[in-house]
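Let me begin by presenting the structure, written as structure tokens, before commenting on it.
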């Protein structure tokens, strides 16, 4: 265990296409260790798959307590109960079942065909532009926004821009500056959308507001607060995954070649990419409700526990050769959508969006490659999720000559 005076600072890195070396080393040799957080507070960092799953399933480790201002925390900004206790809030208002169904495998608000239609239109516009183009700004971010609005049933008019929405994900030293303002801006906009949602009943939010009005449990502002959380969550998931996944895939041209040749491999490839990509810019926090023996160490009541699902997804005890992107890997128990009571219910719709988007992206290009070395890609620092600042790319359209590895050309 490191000396208390020289505890490693966490988070270690912010890239979505490579696990930080410190996390890779920790998951093998120190699956639970002490670290120092963005607030200067000491915490337990849990990286081993078995221990991570244990913490996520054990109700002695509380997410709700992270909203207590007297508890140690990883970031200066205290998360509100509307974020940390959303499940209880939805249960009390009779919304939980419909929320889960609305992002589940049989949801009816966003079909695979509609994802392909939206993605195809945006991609055609992007591919008609100059090269190199920024895949993040020109395709991934507008696509994530459009899919979110469609799923939730929101009219995007007047919605805060992408940068403003993603500012809500800010963590670390700057989280006190701008995050409350960005949340309040989104909240004000959402309050103005509620009458339209009531009238139209459109999308998932139209269904939820009808149920909420019938129960009378939530105030107007509480409903808007809940809906802002769903907006940010639904927007952040595809943007984060597609940013890291496309950067990763372009470093593995042999994988993209197989997927272009056999799109039937896409669901399996998406599952492997969900395991392999690094999603979190920090960790999933919990506070101990009581003393707990975890991995041979005593976690005291109130202690802050940081769970790295990204590290757990690279545990060699569960995933052989874990740092290899292997679409032939047998599907395993990765923790991309967390586990236990707070497991993300949106896994099915996230998988579908990812598979259909990659189907369109790979199907409408004969070649897609980074315009800069992968190590030159800049990633946002101190965000709750990993996100490239820009992904400059070159592409070749089907039927054109594809650049070969030796500087020549290949005919697709």
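In the working numbering, the protein residues as written are 821 to 1232. Note that beta-carbon positions come from the ideal geometry of N, C-alpha and C, so glycine has one too.
Q. What residue does the alpha helix (DSSP H) around residue 1177 start on, and which one ends it?
A. Taking the chain shown and counting its residues from 1, one reaches residue 1177 at position 357. Unbroken alpha helix (DSSP H) run through residue 1177: 1167-1183.
Q: Measure the C-alpha to C-alpha separation of residue 1232 and residue 1185 and round it to an integer number of angstroms.
A: Start at 1 with the first residue of the chain shown, and residue 1232 comes out as number 412. Start at 1 with the first residue of the chain shown, and residue 1185 comes out as number 365. At residue 1232, the pLDDT of 49 sits below 50, so the modelled position is not reliable; the number obtained from the coordinates is stated separately. Each residue's alpha carbon lies about 10 Å from the other.
Q: Just tell me which of 898, 968, 1115 and 1140 has its CA closest to the CA of residue 997.
A: Here residue 997 refers to the residue found at position 177 of the chain shown. Among 898, 968, 1115 and 1140, the Cα nearest to that of residue 997 is on 898.
Q. Is DSSP giving residue 853 helix, strand or coil here?
A. The residue labelled residue 853 in the question sits at position 33 within the chain shown. In the structure shown, residue 853 sits in a strand (DSSP, three-state: E or B).
(Q) Please report the straight-line C-alpha distance between residue 1214 and residue 1187, rounded to a whole angstrom. (A) Against the chain shown, residue 1214 aligns to sequence position 394. Against the chain shown, residue 1187 aligns to sequence position 367. Cα-Cα distance, rounded: 8 Å.
**Q.** Option nearest residue 1132 by Cα separation, candidates 983, 1147 and 1098
**A.** As a working mapping, residue 1132 is identified with position 312 in the chain shown. Minimum Cα distance to residue 1132 is reached at 1098.
Q) Could you give the distance in angstroms between the alpha-carbon of residue 1116 and the alpha-carbon of residue 905? A) For the purposes of this step, residue 1116 is taken as residue 296 along the chain shown, with counting starting at 1. For the purposes of this step, residue 905 is taken as residue 85 along the chain shown, with counting starting at 1. When rounded, the distance between both Cα atoms is 30 Å.
Q: For residue 1022, collect the residues of the same chain with a Cβ closer than 6 Å to its Cβ; drop the 5 residues on either side in sequence, then sort them by chain order.
A: Locating residue 1022 in the chain shown gives position 202, counting from the first residue. 973, listed in sequence order.
Q. Along the chain, where does the alpha helix (DSSP H) that runs through residue 1057 open and close?
A. Locating residue 1057 in the chain shown gives position 237, counting from the first residue. Here the alpha helix (DSSP H) through residue 1057 covers 1040-1070.
Q: Taking residue 1050 as the reference, give the member of 1165, 861, 893 and 1192 with the closest Cα.
A: Against the chain shown, residue 1050 aligns to sequence position 230. Closest by alpha carbon: 1165.
Q. Is the region 888-897 touching the region 858-873 in the sense that three or more CB pairs, one from each, lie closer than 8 Å?
A. yes
Q.
Taking the straight line between their C-alpha atoms, what separation do you get for residue 963 and residue 1202?
A. Looking up residue 963 in the chain shown gives position 143. Looking up residue 1202 in the chain shown gives position 382. Approximately 24 Å, taken between the alpha carbons.
Q: Could you tell me whether the Cβ atoms of residue 1039 and residue 872 are closer together than 9 Å?
A: In the chain shown, residue 1039 corresponds to position 219, counting from 1. In the chain shown, residue 872 corresponds to position 52, counting from 1. Against a cut-off of 9 Å, the Cβ pair of residue 872 and residue 1039 comes out as no contact.
Q.
Given this structure, state the Cα-to-Cα distance separating residue 836 from residue 952, to the nearest angstrom.
A. For the purposes of this step, residue 836 is taken as the residue at position 16 of the chain shown. For the purposes of this step, residue 952 is taken as the residue at position 132 of the chain shown. Rounded to the nearest angstrom, the two C-alpha atoms are 21 Å apart.
Q: Select from 1140, 1096, 1211 and 1155 the residue whose C-alpha is nearest the C-alpha of residue 840.
A: As a position in the chain shown, residue 840 is number 20, starting the count at 1. Looking at the Cα atoms, 1096 is the closest of the given residues.
(Q) Tell me the rounded alpha-carbon separation between residue 796 and residue 1027. (A) Because the chain here runs from 821 to 1232, residue 796 falls outside it and cannot be looked at.
Q: Can you say whether residue 1084 is buried or exposed, counting buried as having 16 or more other CB atoms within 10 angstroms of its CB?
A: Counting from one through the chain shown, the residue named residue 1084 turns up at place 264. Residue 1084 should be labelled exposed.
Q: Grab me the residues of residue 1134's own chain with a C-beta within less than 7 Å of its C-beta, minus the 5 sequence neighbours each way, in chain order.
A: Numbered from 1 along the chain shown, position 314 holds the residue referred to as residue 1134. So the qualifying residues of the chain are 839, 844, 847, 1142 and 1143.
Q) By DSSP, does residue 946 sit in helix, in strand, or in coil? A) As a working mapping, residue 946 is identified with position 126 in the chain shown. In the structure shown, residue 946 sits in a helix (DSSP, three-state: H, G or I).
Q: Using a threshold of 9 Å, state whether the C-beta atoms of residue 925 and residue 1168 are closer than that.
A: Translated into the one-based positions of the chain shown, residue 925 becomes position 105. Translated into the one-based positions of the chain shown, residue 1168 becomes position 348. Yes, the Cβ-Cβ distance between residue 925 and residue 1168 is below 9 Å.
Q) Excluding sequence positions up to five away, which residues of its chain have a Cβ less than 8 Å from the Cβ of residue 1076? A) In the chain shown, residue 1076 corresponds to position 256, counting from 1. Excluding sequence neighbours, residue 1076 sits near 1069, 1070, 1182 and 1188.
(Q) Going by DSSP, what residue range makes up the beta strand (DSSP E) through residue 1214? (A) Your numbering for residue 1214 matches position 394 in the chain shown. Segment 1212-1216, the beta strand (DSSP E) holding residue 1214.
Q. Going by other Cβ atoms of all chains shown within 10 Å of its Cβ, with 16 needed for buried, is residue 790 buried or exposed?
A. One cannot answer for residue 790 here, as it falls past the ends of the chain, which runs 821 to 1232.
Q: Please determine, among 870, 927, 1016 and 849, the residue with the shortest C-alpha to C-alpha distance to residue 977.
A: Position 157 of the chain shown holds residue 977. Checked all of 870, 927, 1016 and 849; the closest Cα to residue 977 is 1016.
(Q) Please report the straight-line C-alpha distance between residue 831 and residue 883, rounded to a whole angstrom. (A) Taking the first residue of the chain shown as 1, we reach residue 831 at position 11. Taking the first residue of the chain shown as 1, we reach residue 883 at position 63. The straight-line gap from Cα to Cα measures roughly 19 Å.
Q | Cα-Cα separation, residue 910 to residue 901 | A | Counting from one through the chain shown, the residue named residue 910 turns up at place 90. Counting from one through the chain shown, the residue named residue 901 turns up at place 81. Each residue's alpha carbon lies about 12 Å from the other.
Q) So the beta strand (DSSP E) residue 862 belongs to, where does it begin and stop? A) Position 42 of the chain shown, counting from 1, holds the residue named residue 862. Its beta strand (DSSP E) spans residues 862-866.
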